[in-house]
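Residue numbers (the numbering used here), protein chains in the order written: chain A, 758 to 948; chain B, 758 to 948; chain C, 758 to 948; chain D, 758 to 948. In what follows, a single structure is set out as structure tokens and then discussed.
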DNA sequence: TATGAATGAGCATTCATTCAT
DNA sequence: TATGAATGAATGCTCATTCAT
């Protein structure tokens with residue numbers, strides 16, 4: 758009955774359908790129907806299907822970035838802090854499997870304009886870059902080119918979440934959790 | 758000039774357009790037009806647009822797998838062999854940027870049926886798995902779960918090619934090339 | 758500032774937009790927005806978009822008819838009276854270019870129901886017919902069929918206003934003004 | 758069965774429906790249906806509804822211009838030649854009432870882009886202007902501004918055809934036919 | 001009287017696919 | 001094998017109109 762309900766219902770339904778069927782295979786009519794609103798209502802809230810997608814993408818990226826940034830600690834022990842961050846990030850993916858699947862599918866897809874994807878990336882890569890520099894200056898992390906390390910972090914994160922989403926339950930097993938962080942950390946650590 | 762040219766022209770054009778515009782934004786009519794054939798001709802060679810995509814995907818994955826497998830060496834020094842393989846794989850991506858971009862976009866995309874994607878993966882993951890097991894049995898690689906390591910390899914490869922395609926020229930710089938392999942190798946090595 | 762302002766704002770905006778974009782290309786939402794009112798407000802003052810158009814058409818036709826009828830003189834010299842009337846009619850068009858343009862576009866258009874258009878015509882053709890009969894009975898005007906002459910007057914008026922609206926400034930030149938009346942008058946005069 | 762049939766059927770149907778219902782009230786689906794073709798076929802032949810309209814407008818204007826120009830005579834007697842031309846033009850309207858009605862409705866309508874309307878006008882106004890100049894140089898026609906006279910001719914023609922189409926049968930009566938030309942000729946003649 | 005979110009029928013247009021030539 | 005006109009279901013989007021506030 759209250760106003761934001763309908764807009765939120767559209768966003769929730771769009772997320773579900775975009776992930777399960779793909780962006781192009783999901784008609785605006787089907788989103789509206791499943792969200793329980795009229796087709797016109799969707800276009801009352803979003804000027805186009807593309808804008809709905811962009812809104813979804815930016816909103817969820819922001820949600821993720823906020824969550825992660827709130828978990829940043831500075832205990833003095835960079836490795837412990839990194840492990841905490843790594844686990845928080847994967848935990849978010851496990852808690853929000855639909856949203857994580859959404860990223861897996863659309864982070865590289867032309868369904869979302871490249872500016873939007875880059876805009877979303879910057880929010881996260883910003884503080885990631887800062888942490889990497891800090892680790893390098895402490896002599897803990899190897900002095901590889903920063904952009905290469907950022908891409909590597911992102912790739913490893915996608916791979917790990919892919920693995921844990923495809924193998925539900927493994928994330929609860931300390932052996933797998935520890936191994937996933939070890940792969941991540943050892944890649945960058947100064948040997 | 759002879760007949761197979763038309764089929765190849767369709768495949769080449771489809772690859773270019775799927776990468777630059779996306780699968781759904783590319784009409785069969787536009788592929789035919791740019792390939793210099795009639796719309797009907799496309800459907801003489803491929804029963805449907807989806808089949809054309811599948812054919813493209815499997816063909817290119819196979820091409821990659823063949824190339825890589827041909828580069829496998831067994832010098833006795835696993836690290837040297839791994840570095841050779843890593844560089845060959847990235848070199849292929851640098852030599853075939855369009856095809857690599859195609860993988861980046863469609864390896865996770867619902868535009869290609871999941872069976873096809875898995876089928877294509879198996880060809881490569883097969884010998885990757887064998888190499889990883891070999892390294893573990895030699896005590897060189899850490900004893901992490903195999904599937905996790907495979908996903909990690911794949912993720913690091915996608916990240917590295919993403920980086921080198923986005924920063925052309927860096928691949929020629931030994932510092933970057935070495936760093937990319939170091940990230941990859943150190944992640945898995947027994948410490 | 759008071760209430761009737763909103764209704765008038767809607768009418769003024771509708772006139773401007775109907776002329777510049779056409780009836781169908783102008784949405785009620787755009788009229789409301791540009792008039793500074795809510796979409797619902799338009800429908801409080803006019804039961805439908807068609808009724809708004811009809812109201813506009815009849816109102817303006819009436820405004821024109823009133824103006825012209827007030828200018829009718831009976832000096833005894835029919836030619837002088839006719840010239841005065843002709844100039845008054847064109848002067849009205851020059852003073853109200855938007856409204857004249859509105860007639861040019863919608864006098865023949867199916868955007869306005871035919872009954873409405875005929876109803877509007879009668880108000881003007883009524884006294885035009887009386888003047889023509891008077892001229893014929895005095896032997897000054899040729900004895901052509903009345904309806905044909907009425908249509909001819911209307912056609913010449915539309916042509917003249919079209920010319921003077923398209924060539925602003927010409928109406929100030931006596932040569933053009935005189936010529937326009939000469940064309941009109943000589944067509945009908947008994948030779 | 759032959760190719761141009763379908764395209765022509767679409768044009769014929771569009772003309773009929775645009776005149777009877779108006780451009781915006783006529784859906785492309787209804788044109789296709791009544792023409793006996795699929796909706797896609799319409800768009801195979803015309804890139805858009807607007808282009809179909811433009812094509813129709815230019816084609817018919819050209820048809821009219823060709824017909825009229827073929828009737829131009831040079832007997833030495835300008836008045837006789839003018840009467841012949843006037844009667845030919847109205848005869849064309851009587852023979853093609855649908856097309857004439859189309860002009861009445863759309864010559865001033867924003868349904869057709871202004872460039873298209875002007876482009877169509879030029880074909881006809883060209884030789885009309887030449888004839889008027891010839892009459893003026895012979896001292897037969899009054900020396901009014903040329904553009905004003907052209908607009909006047911056009912306006913009188915629209916008025917006359919309006920009258921004869923609304924009153925079918927009158928065109929056969931010599932009295933009306935003669936009167937219509939007299940109005941036209943006397944307007945411009947040197948008195 | 002005024003608002004503006006909500007409605008849903010209707011529209012122009014696209015596009016994979018077919019098939020007669 | 002190759003063609004390209006024809007198909008028609010499906011889609012994104014518009015917009016006059018309603019109604020609870």
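Yeah, the Cβ is synthetic: ideal placement off N, Cα and C, and Gly gets one too. Keep in mind it's a predicted model, so treat the numbers as computed, not measured.
Interface criterion not met: the Cβ of residue 874 of chain A is under 8 angstroms from no Cβ in chain B.
Judged by beta-carbon spacing, residue 945 of chain C lies within the 8 angstroms limit of residue 906 of chain C, meaning their Cβ atoms are closer than that value.
In this structure, residue 768 of chain C lies near residue 813 of chain C, with their beta-carbon atoms less than 8 angstroms apart. Put simply, of D:801, D:791, D:809 and D:836 the residue whose alpha carbon is nearest the alpha carbon of residue 938 of chain D is D:836. The beta carbon of residue 787 of chain D sits no closer than 8 angstroms to any beta carbon of chain C. Residues of the stretch 934-947 of chain D that bring their beta carbon within less than 8 angstroms of a beta carbon in chain C comprise 936, 937, 939, 940, 941, 943, 944, 945 and 946, in sequence order. Going by C-alpha positions, residue 830 of chain A is about 25 angstroms away from residue 902 of chain A. Annotated as distal: residue 775 of chain C and residue 785 of chain C, with beta-carbon spacing of 8 angstroms or more. Of the residues assessed, residue 858 of chain A falls on the buried side of the cut-off, its CB having 16 or more other CB atoms within 10 angstroms.
When only Cα atoms are considered, residue 790 of chain D and residue 777 of chain D end up about 16 angstroms apart. For residue 763 of chain A and residue 801 of chain A, the gap between their C-alpha atoms comes out near 11 angstroms.
In the displayed model, residue 898 of chain A falls within a strand according to three-state DSSP. If you draw a straight line from the Cα of residue 861 of chain C to the Cα of residue 869 of chain C, it is about 13 angstroms long. DSSP links residue 794 of chain C through a beta bridge to no other residue. For residue 879 of chain B, the closest C-alpha among the options B:855, B:853, B:933 and B:823 is that of B:823. Contact between the stretch 881-895 of chain D and the stretch 914-930 of chain D is absent: fewer than 3 CB-CB pairs across the two stretches fall below 8 angstroms. Taking all protein chains shown into account, residue 871 of chain A has fewer than 16 neighbouring C-beta atoms within 10 Å of its C-beta and is therefore exposed. For chain D, the residues of the stretch 878-906 of chain C that bring a beta carbon within less than 8 angstroms of one of its beta carbons are 899, 901, 902, 904, 905 and 906, in chain order. Residue 838 of chain B is outside the set of residues whose beta carbon lies under 8 angstroms from a beta carbon in chain A. Per DSSP, residue 776 of chain A has no beta-bridge partner at all. At least one CB atom of chain B sits nearer than 8 angstroms to the CB of residue 913 of chain A.
Counting only the Cα atoms, residue 936 of chain C lies some 12 angstroms from residue 904 of chain D. In this structure residue 796 of chain B is exposed. Its beta-carbon is surrounded by fewer than 16 other beta-carbon atoms within 10 angstroms. Across the set B:948, B:804, B:816 and B:803, the C-alpha of B:816 shows the shortest separation from the C-alpha of residue 876 of chain B.
Of all residues in the stretch 860-872 of chain D, only 861, 862, 865, 866, 867 and 868 come within less than 8 angstroms of chain C when Cβ atoms are compared, listed by chain position. Residue 916 of chain D has a beta carbon lying within less than 8 angstroms of a beta carbon in chain C. Burial check for residue 855 of chain A: the Cβ neighbour count within 10 Å stays below 16, so the residue is exposed. Residue 793 of chain C counts as exposed, since fewer than 16 other beta carbons sit within 10 angstroms of its beta carbon. If you draw a straight line from the Cα of residue 900 of chain C to the Cα of residue 893 of chain C, it comes to about 6 angstroms. Residue-level contact by beta carbon fails for residue 797 of chain A and chain B, as no gap is shorter than 8 angstroms.
Secondary structure note for residue 845 of chain C: its alpha helix (DSSP H) is the uninterrupted segment 835-852.
At a cut-off of 8 angstroms between beta carbons, residue 853 of chain A makes no contact with chain B. By the 16-neighbour rule on beta-carbons within 10 angstroms, residue 926 of chain B is exposed.
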